[in-house]
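Residue numbers (this note's numbering), protein chains in the order written: chain A, 1 to 317; chain B, 1001 to 1541; chain C, 2001 to 2272.
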């Protein structure tokens, strides 16, 4: 069939176009929109997961606003979001380093090396890290013992911090000491180089023309100046995209906390984040309606953040 | 052909081969199901512990032979679904109408109205067949055995009480096993340290043994701890110990003279000020907990079941506490001879802990497990029920126990001598309560538990923080949730009540009235008391 | 074909259709109840909708089913109440009318999402019992009235005073099972706040003349009676119920305790 060009106005009334879109639209409506709309509706009900629901109006939302655990979980998640943004730096630096490699062949092999660990599912990654955090058998404590870092931490605890988290006579319990929970969650994933992030930044860097670098060299720019004046500003679109992904991912995410700390958020509930509290309320307390309300609050927060991000964080090219 | 084309061809060929293999697998399965004259019975469960699947295979083949002798061509298929995905799988199968005839059912916890494996009262009522009409008839497979003529329900160790759904007033499942908790130990390592001395039978002996193990490890530069712990295993031991300390307190608080501790009663008693976290019994139970916790590996609270098993089989620990269901798994994984002993609780004569106890705990309330239900409307449910009859018969259950290494659920079934140590101790006293009685109180306890390790010499810090963090408020939260749930159940029962009244006005109708009135009274009683306590400004609701 | 014959044919056809509808309506209630017992309230409701409005039994079934439609809203509860009220207005004294009155009381007591209206529920149950003292549901309504009287949060009377007042009523509950539940309620109330253990025991013993139906409930019941009788010095009763408990529940977690009670009450194993 030959391609037919038509005006936008005409296209609106062409039933064939709708026919082609309909199957995909149907699937999106069924599997994406319907569950979301269902969650919105159920957030106004007392619902324990079965067929039975009782309408309670705004009660779930008022309870959520007065929920001290939910409030403190937002404090925790804010810390993790800031940490997550800072943890983008190694990926940016690595992308720049790879980009500056003169040999195409070596660039290729570095990219392959980055891709290979991606075949490991995230879940397995988390379990591996759980093992790293093991106080008796874990890699972290073994390394700290070997390089004398533990002694330094014990000294710091005794003379500065006074946490009683680092004791000379027992291994460091990374996930059993309340004050070490957030540092452990931040430290997770060290050295914080995500293949996808590096690829996104690399794509941005590769769009910078060679003439820009030539001009910089002519002007006598150093490597650092090239990074700060050319590369970093020109990949701000990708940086912004990654910031959005980090913020949304961190706000929604709870898998890491659940697998490392359990549904109660670990000792003193220090690892409780909004997503985990939503899970806890649904599957531990059986308050599915309330969990939907928490989900809706999260959705609104993410929507507002995304709106402000798009409106105010502009990138001047 | 250039390199790219070759690589693409290889890639597509691999994809094609995988697809053909999957297609063949599914087609072959379908063809098998279409074999004329062969009835397929399918059953599904989530128990992937060692030995169980092979046991079910053995039982399935035996049953097929029995049916063949009767002139019936039957094939029994087992579906083992991983525990994590079982709830999702269950709902998909039931709603899609593709469920196997028999599915494992677990108990609905009072906390959430849903079982850990996704069962709710609604799902049971809608998708599972009640077997009440059969439970008072003898099991036909018990003819010629000591259980001949005994009603089916009376052949189980708990009288099938766990199979009875108190909301639906019917029996819905058939249990095949029961469980107890024990202390497993590394026999050769134990012998190396203690010689021929038997394992400890009492708390002080146990503490001494743990101290000896620690000293032994230190003297030889070994990283050896007495007990392998985890957030899964440790409570099996510590809750058992701690529960002994509230035996007498629990009885004092048992206002309604039922002789067992009731969580609502205990929480109301806390709010009335009849006990608190500093009561001598609670302080004793916390000290007892701390004394046991000291003998786990550091940081045990953050590791899970697999890590504890790992420590144990790697011979870094001498003891590990586990359920009888882990017996076979541990035997398979441990490269050494495994010993089993009872959990060595304090004696009544113990100077610190004995005065709070009546005596050693009873395991009579342990109940049954590994229960299977019949899916409503499934094909050949008569044969499916027959299979369940076989599995829970004297011979069937004995075979199950022999091959799986799990305790039988049927009375008088002879157990293997390796399982004798797991048989429940009936004579004893009910352990009373722990600090985590509902969702909120449990969460608070779990959150503050680390303080018992951080300050191992005294529970005072834990007690201070625990009460300051609002244990009273958590009790009110749990009581209110319980009350709401009960009243919701009661209102649902109204429609059933009308239905039974109209249909037959028989035993079920009156049973429902009995149930409903009692539940409603309990809920009103709690509500009334909470109202009084909050009016007196002691607590805020 | 004559017009007369045609007219008779039409009348016969309409009448047959009406009979079919009536027959279908009578079946409707049965089907609705059957679905209700399987917790399939939505399907039950759909079936009830198809029934004719004149079918009182089906309308009653519909109203009671609405009480548990999956989405419980005040609007649904009001609909159910309206249907039941209409049934009562049409005929308060037939079987459907009596049952409808009971459930109107239950709506006020337990179903309204705006909050329980105990005074209204009490009034409805009291009125129903006075009008139909021989009907099982009316008697059950009386027991519900007793429950609300006992646990009325607005009442300034102490529990003991309320119990005394209720004891004075001496209701004649002909349905033995309902009578049993009345005594269970009273017994439990006497135990609350330690009002009177001997009185509680009396009520429990009366209830056991009928006996508990639920197997698990019965074990608690025997244990309570044995324990209460022991505490209040009723040795023969204590021995009797200890024996009953051990006979029926040898593997209960309280068996050891009950055996100790029995040994204590019968130190030489001699019968009382």
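The beta-carbon is built from N, C-alpha and C at its ideal position, and this holds for glycine as well.
Problem set entry | Proximal chain B residues relative to residue 2181 (chain C), where beta-carbon distance stays under 7 Å | Taking the third chain and counting its residues from 1, the one referred to as residue 2181 (chain C) is at position 181. 1513, 1514, 1517, listed in chain order.
For this session: Just the chain B side, please: which residues come within less than 7 Å of residue 175 (chain A) by C-beta, in chain order?
Result: By one-based count along the first chain, residue 175 (chain A) stands at place 175. Within chain B, the C-beta atoms nearer than 7 Å to that of residue 175 (chain A) come from 1302, in chain order.
For this session: Could you tell me whether the Cβ atoms of residue 135 (chain A) and residue 171 (chain A) are closer together than 7 Å?
Result: Within the first chain, numbered from 1, the residue matching residue 135 (chain A) stands at position 135. Within the first chain, numbered from 1, the residue matching residue 171 (chain A) stands at position 171. In this structure, residue 171 (chain A) lies closer than 7 Å to residue 135 (chain A) by Cβ.
For this session: Measure the alpha-carbon distance for residue 2156 (chain C) versus residue 1352 (chain B) and round it to whole angstroms.
Result: Residue mapping note: residue 2156 (chain C) aligns to position 156 of the third chain, counting from 1. Residue mapping note: residue 1352 (chain B) aligns to position 352 of the second chain, counting from 1. Whole-angstrom Cα-Cα distance: 46 Å.
Problem set entry | Span of the alpha helix (DSSP H), counted from its first residue to its last, around residue 1570 (chain B) | Any answer about residue 1570 (chain B) is impossible in this case: the structure gives chain B only from 1001 up to 1541.
For this session: Can you grab the Cα-Cα spacing for the pair residue 1452 (chain B) / residue 1252 (chain B), in whole Å?
Result: Indexing the second chain from 1 puts residue 1452 (chain B) at position 452. Indexing the second chain from 1 puts residue 1252 (chain B) at position 252. Distance between the alpha carbons of residue 1452 (chain B) and residue 1252 (chain B) is about 27 Å.
Problem set entry | Cβ separation of residue 1368 (chain B) and residue 1525 (chain B), assumed to be a contact under 8 Å, to the nearest whole Å | Residue numbering aside, residue 1368 (chain B) sits at position 368 when the second chain is read from its first letter. Residue numbering aside, residue 1525 (chain B) sits at position 525 when the second chain is read from its first letter. Taking 8 Å as the upper bound for CB-CB distance, residue 1368 (chain B) and residue 1525 (chain B) are not in contact here, some 31 Å apart.
Problem set entry | According to DSSP, residues forming a beta bridge with residue 1075 (chain B) | Here residue 1075 (chain B) refers to the residue found at position 75 when the second chain is read from its first residue. DSSP lists B:1040 as partners of residue 1075 (chain B).
Exercise. Do residue 1053 (chain B) and residue 1027 (chain B) have their C-beta atoms within less than 7 Å of each other?
Worked result: Here residue 1053 (chain B) refers to the residue found at position 53 of the second chain. Here residue 1027 (chain B) refers to the residue found at position 27 of the second chain. In terms of Cβ geometry, residue 1053 (chain B) and residue 1027 (chain B) do not form a close pair [threshold 7 Å].
Problem set entry | residue 164 (chain A): contacting residues in chain B (beta-carbon distance under 8 Å) | Here residue 164 (chain A) refers to the residue found at position 164 of the first chain. Those are 1454, listed as they occur along chain B.
Exercise. Does any CB atom of chain B fall closer than 7 Å to the CB of residue 2015 (chain C)?
Worked result: Along the third chain, read from residue 1 onward, the residue named residue 2015 (chain C) stands at position 15. Caution is warranted here: a pLDDT of 48 is assigned to residue 2015 (chain C), below 50, making its placement in the model unreliable, and no coordinate value can be reported.
For this session: Grab the span of the beta strand (DSSP E) containing residue 1186 (chain B) for me, first residue to last.
Result: As a first step, residue 1186 (chain B) must be located in the second chain, where it is residue number 186. Where residue 1186 (chain B) is concerned, the enclosing beta strand (DSSP E) starts and stops at 1181-1186.
Problem set entry | Strand pairing of residue 1274 (chain B), partner residues [DSSP] | Position 274 of the second chain, counting from 1, holds the residue named residue 1274 (chain B). Beta-bridge pairing links residue 1274 (chain B) to no other residue.
Exercise. DSSP three-state call for residue 1248 (chain B): helix, strand or coil?
Worked result: Taking the first residue of the second chain as 1, we reach residue 1248 (chain B) at position 248. If DSSP states are grouped into helix, strand and coil, residue 1248 (chain B) belongs with the helices.
For this session: Just the C-alpha distance for residue 273 (chain A) and residue 72 (chain A), rounded to the nearest angstrom, thanks.
Result: Looking up residue 273 (chain A) in the first chain gives position 273. Looking up residue 72 (chain A) in the first chain gives position 72. Their backbone Cα atoms lie some 8 Å apart in a straight line.
For this session: Measure the CB-CB distance between residue 194 (chain A) and residue 91 (chain A) and report whether it falls below 7 Å.
Result: For the purposes of this step, residue 194 (chain A) is identified with residue 194 of the first chain, where counting begins at 1. For the purposes of this step, residue 91 (chain A) is identified with residue 91 of the first chain, where counting begins at 1. Cβ distance < 7 Å, so residue 194 (chain A) and residue 91 (chain A) count as in contact.
For this session: Could you tell me whether any Cβ in chain B is nearer than 7 Å to the Cβ of residue 2202 (chain C)?
Result: Here residue 2202 (chain C) corresponds to residue number 202 of the third chain, with the count starting at 1. With respect to chain B, the C-beta atom of residue 2202 (chain C) has no partner C-beta closer than 7 Å.
Problem set entry | Proximity to residue 246 (chain A) [Cα-Cα], best of A:284, A:143, A:305 | For the purposes of this step, residue 246 (chain A) is taken as residue 246 along the first chain, with counting starting at 1. Cα-wise, what sits closest to residue 246 (chain A) is A:305.
Problem set entry | Closer than 7 Å to chain B by CB, residue 2135 (chain C) | The residue labelled residue 2135 (chain C) in the question sits at position 135 within the third chain. Residue-level contact by beta carbon fails for residue 2135 (chain C) and chain B, as no gap is shorter than 7 Å.
Exercise. What number of angstroms, rounded off, separates the C-alpha of residue 1384 (chain B) from the C-alpha of residue 1204 (chain B)?
Worked result: Locating residue 1384 (chain B) in the second chain gives position 384, counting from the first residue. Locating residue 1204 (chain B) in the second chain gives position 204, counting from the first residue. One Cα belongs to residue 1384 (chain B), the other to residue 1204 (chain B), and the distance between them is close to 51 Å.
For this session: Give me the Cβ distance between residue 126 (chain A) and residue 270 (chain A), rounded to the nearest whole Å; I'm assuming they're in contact under 8 Å.
Result: Here residue 126 (chain A) refers to the residue found at position 126 when the first chain is read from its first residue. Here residue 270 (chain A) refers to the residue found at position 270 when the first chain is read from its first residue. Incorrect: roughly 18 Å between the Cβ atoms, too far for contact.
Exercise. Nearest chain A C-beta to residue 1238 (chain B) closer than 7 Å, yes or no?
Worked result: Here residue 1238 (chain B) corresponds to residue number 238 of the second chain, with the count starting at 1. Residue-level contact check: residue 1238 (chain B) does not touch chain A, since none of the beta carbons of chain A fall below 7 Å from its beta carbon.
Exercise. How many Å lie between residue 2259 (chain C) and residue 1224 (chain B) at the Cα?
Worked result: Taking the first residue of the third chain as 1, we reach residue 2259 (chain C) at position 259. Taking the first residue of the second chain as 1, we reach residue 1224 (chain B) at position 224. Cα-Cα distance, rounded: 45 Å.
For this session: Use the C-beta contact count for residue 2093 (chain C): other C-beta atoms within 10 angstroms, 16 or more gives buried, fewer gives exposed.
Result: Here residue 2093 (chain C) refers to the residue found at position 93 of the third chain. Result: exposed.
Exercise. So residue 2107 (chain C) and residue 2138 (chain C) are in contact, right, with Cβ under 8 Å, and what is the actual spacing, rounded?
Worked result: Here residue 2107 (chain C) refers to the residue found at position 107 of the third chain. Here residue 2138 (chain C) refers to the residue found at position 138 of the third chain. About 16 Å; that fails the 8 Å criterion.
Problem set entry | Limits of the alpha helix (DSSP H) - the one that residue 1960 (chain C) falls within | Given a span of 2001 to 2272 for chain C in the structure shown, any question on residue 1960 (chain C) remains unanswerable.
Exercise. In the DSSP assignment, what residue or residues form a beta bridge with residue 1018 (chain B)?
Worked result: Position 18 of the second chain holds residue 1018 (chain B). Partner(s): none; residue 1018 (chain B) has no beta bridge.
For this session: Quick one: grab the DSSP three-state call for residue 186 (chain A).
Result: One-based indexing of the first chain puts residue 186 (chain A) at position 186. Three-state result, residue 186 (chain A): helix.
For this session: Measure the C-alpha to C-alpha separation of residue 1123 (chain B) and residue 1373 (chain B) and round it to an integer number of angstroms.
Result: The residue given as residue 1123 (chain B) occupies position 123 in the second chain. The residue given as residue 1373 (chain B) occupies position 373 in the second chain. If you take the alpha carbons of residue 1123 (chain B) and residue 1373 (chain B), they lie about 12 Å apart.
For this session: Can you say whether residue 206 (chain A) is buried or exposed, counting buried as having 16 or more other CB atoms within 10 angstroms of its CB?
Result: The residue given as residue 206 (chain A) occupies position 206 in the first chain. Exposed, because fewer than 16 other Cβ atoms sit within 10 Å of the Cβ of residue 206 (chain A).
Exercise. Run through DSSP, which three-state label would residue 2257 (chain C) get?
Worked result: Locating residue 2257 (chain C) in the third chain gives position 257, where the first residue counts as 1. In the structure shown, the three-state DSSP call for residue 2257 (chain C) is helix.
For this session: Would you mind stating whether residue 1083 (chain B) and residue 1046 (chain B) have Cβ atoms separated by less than 7 Å?
Result: Sequence index remark: in the second chain, residue 1083 (chain B) carries index 83 (1-based). Sequence index remark: in the second chain, residue 1046 (chain B) carries index 46 (1-based). Yes, the Cβ-Cβ distance between residue 1083 (chain B) and residue 1046 (chain B) is below 7 Å.
Exercise. Is it a yes or a no for the segment 1511-1527 of chain B touching the segment 2075-2091 of chain C, going by three-plus beta-carbon pairs under 8 Å?
Worked result: Fewer than three beta-carbon pairs drawn from the segment 1511-1527 of chain B and the segment 2075-2091 of chain C are found closer than 8 Å, and the two stretches are therefore not classed as touching.
Exercise. Does the beta carbon of residue 168 (chain A) come closer than 7 Å to any beta carbon on chain B?
Worked result: Walking along the first chain from the start, residue 168 (chain A) turns up at place 168. Answer no: the Cβ-Cβ gap between residue 168 (chain A) and chain B never drops below 7 Å.
Exercise. By Cβ distance below 8 Å, which residues in the same chain neighbour residue 2020 (chain C) in space, the five residues on each side in sequence not counted?
Worked result: In the third chain, the residue the question calls residue 2020 (chain C) occupies position 20. Low per-residue confidence applies at residue 2020 (chain C): pLDDT is 43, beneath 50, and the placement is therefore not dependable, though the value from the model is reported in the following sentence. There are no such residues.
For this session: Give, in chain order, every unbroken run of the alpha helix (DSSP H) that is at least 4 residues long and sits entirely within the segment 1318-1345 of chain B.
Result: Entirely contained in the segment 1318-1345 of chain B, the alpha helix (DSSP H) runs reaching 4 residues are, in chain order, 1327-1333.
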